[in-house]
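Chains H and C supply the protein sequences, listed in that same order. Under the numbering used here, the very last position in the first sequence is 412; numbers go up by exactly one each time. Under the numbering used here, the very last position in the second sequence is 412; numbers go up by exactly one each time. Below is one structure, written out as structure tokens, with a few remarks after it.
Protein chains: 2
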Amino acid sequence: MSKYRDDQIKQFAEIFKALSNPNRLRMFLHLVTCCVPGTVGSFDAEDGVSACVGDLGRDLDIVPSTVSHHIKELHRAGLIRMERRGQKIECWVDPVILRGLARFFDKPLTG
Amino acid sequence: MSKYRDDQIKQFAEIFKALSNPNRLRMFLHLVTCCVPGTVGSFDAEDGVSACVGDLGRDLDIVPSTVSHHIKELHRAGLIRMERRGQKIECWVDPVILRGLARFFDKPLTG
DNA sequence: TCGATATTTCGACATATATCGAAATATATA
DNA sequence: TATATATTTCGATATATGTCGAAATATCGA
Numbered sequence: 302m303s304k305y306r307d308d309q310i311k312q313f314a315e316i317f318k319a320l321s322n323p324n325r326l327r328m329f330l331h332l333v334t335c336c337v338p339g340t341v342g343s344f345d346a347e348d349g350v351s352a353c354v355g356d357l358g359r360d361l362d363i364v365p366s367t368v369s370h371h372i373k374e375l376h377r378a379g380l381i382r383m384e385r386r387g388q389k390i391e392c393w394v395d396p397v398i399l400r401g402l403a404r405f406f407d408k409p410l411t412g
Numbered sequence: 302m303s304k305y306r307d308d309q310i311k312q313f314a315e316i317f318k319a320l321s322n323p324n325r326l327r328m329f330l331h332l333v334t335c336c337v338p339g340t341v342g343s344f345d346a347e348d349g350v351s352a353c354v355g356d357l358g359r360d361l362d363i364v365p366s367t368v369s370h371h372i373k374e375l376h377r378a379g380l381i382r383m384e385r386r387g388q389k390i391e392c393w394v395d396p397v398i399l400r401g402l403a404r405f406f407d408k409p410l411t412g
């Protein structure tokens, strides 16, 4: 019936759950638009391909602990990667997951 | 920052919430794979482009009232369309929404 | 080492969600 | 009209979620 295995379906459900909160979705879009996906492996914070936790919470009207919680959810779902750089913790979108999502919705249309 | 308006972000969040439950995601995939999106307007249940509520609940180990609830959620999110045909109520994926989702994840990669 | 900045952890609480079972509604058919 | 099939509505319940504030942890710079 479906071309996805049961564990893959559960993983996609987790991903969609992570994107189901408007604030988390805004953070994700912030990262998607500020970063340059497709450049897998060539990650470099100085090139502006990542954002720190403080950046992501700006303009969102939620306290830092809530921002942190949301970022943890995005990370748990596998959507983003994180790395400490001094005081800040930089986040960026996992390009592989993003590609998987594009195919998830694209395939039924083109294939 | 983001190319999406606030109300669009909320709408996408609603869509992802609808897909965040494994059983609902299975129903959605059932419809996506059994139907032929892209054929907007040429809907015809006899051609197998839709499935009834009973079909969608099969192999899911949940009672009909729960299936009905999930389908209502998919419909509320705008993912599927419904129409009564005799005793049964046929469901099919809204091709426009599906296309919007494909672009949502595809654009940051190609644009 | 002390203070400032950045982030996380923890506990609390109000709200939302997934599921069930029983009862109601709609449609078809004998 | 009576019965069977398909689906929805309603109320209950257990669990999950979003958010906050306070306190803890990590890092940098004076």
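No residue lacks a Cβ here, since even glycine has one placed at the ideal position from N, Cα and C.
By the Cβ criterion, the segment 317 to 326 of chain C is in contact with the segment 370 to 382 of chain C, since at least three pairs of Cβ atoms, one from each stretch, lie closer than 8 Å. Taking CB atoms only, Leu330 of chain H has a neighbour in chain C less than 8 Å away.
Annotation: Ala319 of chain C to Phe329 of chain C spans about 9 Å, alpha carbon to alpha carbon. Every unbroken stretch of the beta strand (DSSP E) spanning 3 or more residues and falling wholly within the segment 363 to 407 of chain C is given here in chain order: 381 to 386, 389 to 394. A straight line joining the alpha-carbon of Asp395 of chain H with that of Ala403 of chain C spans about 18 Å. Here Glu391 of chain H is buried: its Cβ has 16 or more other Cβ atoms, across all protein chains shown, within 10 Å. Beta-bridge partners assigned by DSSP to Ala352 of chain C: C:Cys392. Arg377 of chain C and Phe317 of chain C have their C-alpha atoms some 12 Å from each other. Rounded to whole angstroms, the Cβ separation of Trp393 of chain H and Arg382 of chain H is 6 Å, and the two are in contact under 8 Å. For Lys318 of chain C, the enclosing alpha helix (DSSP H) begins and ends at 307 to 319.
Residues of chain C whose Cβ lies closer than 8 Å to the Cβ of Leu326 of chain H are, in chain order, Ile310, Phe313, Ala314, Phe317.
If you draw a straight line from the Cα of Gln388 of chain C to the Cα of Val364 of chain C, it is about 18 Å long. For Asn324 of chain H, the enclosing alpha helix (DSSP H) starts and ends at 323 to 335. When the alpha-carbon of Leu357 of chain H is set against those of H:Ile310, H:His331, H:Ala314, the nearest one is in H:His331.
Contact of Leu357 of chain H with chain C by beta-carbon distance below 7 Å is absent, the smallest such distance being about 11 Å. Taking Val333 of chain H as reference, the option from H:Glu315, H:Asp360, H:Val397 with the minimal CA-CA separation is H:Val397.
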